[in-house]
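Residue numbers (my numbering): 15 to 109. No residue lacks a Cβ here, since even glycine has one placed at the ideal position from N, Cα and C. Heads up, the thing below is written out as structure tokens.
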């Protein structure tokens, strides 16, 4: 399911217009700073836990050595914070 299909399904299930459904989906999932609820919380160092579904969080990735596949040269990859999702038991059991 892509974003367009999600908007259409949300509009059908909740009996709202597709434009309103698109606003809801954008408000939750947008990655533009200050617009998306999930991304905004992760950017500020928090986490988003949705009971029975799962938890969105950030995880620290340590610095490591990598390799440039084009040249074979060894490069240093900097440490960073990366988004992660951990599915709840209910979601895992339903799949």
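The way I'd put it, the region 47-67 doesn't touch the region 23-38; fewer than three beta-carbon pairs between them come closer than 8 Å.
The alpha carbon of residue 74 has as its nearest neighbour, out of 106, 27 and 94, the alpha carbon of 94. In the DSSP assignment, residue 15 forms no beta bridge with any residue.
Excluding sequence positions up to five before and after residue 20, its CB lies within less than 7 Å of the CB of 39, all in the same chain and listed in chain order. Out of 49, 80, 47 and 67, the CA that lies nearest to the CA of residue 107 is found in 67.
Residue 42: member of the alpha helix (DSSP H) spanning 32-43, first to last residue. Less than 9 Å divides the Cβ of residue 90 from the Cβ of residue 80. About 5 Å separates the Cβ atoms of residue 25 and residue 32, confirming a contact at the 8 Å cut-off.
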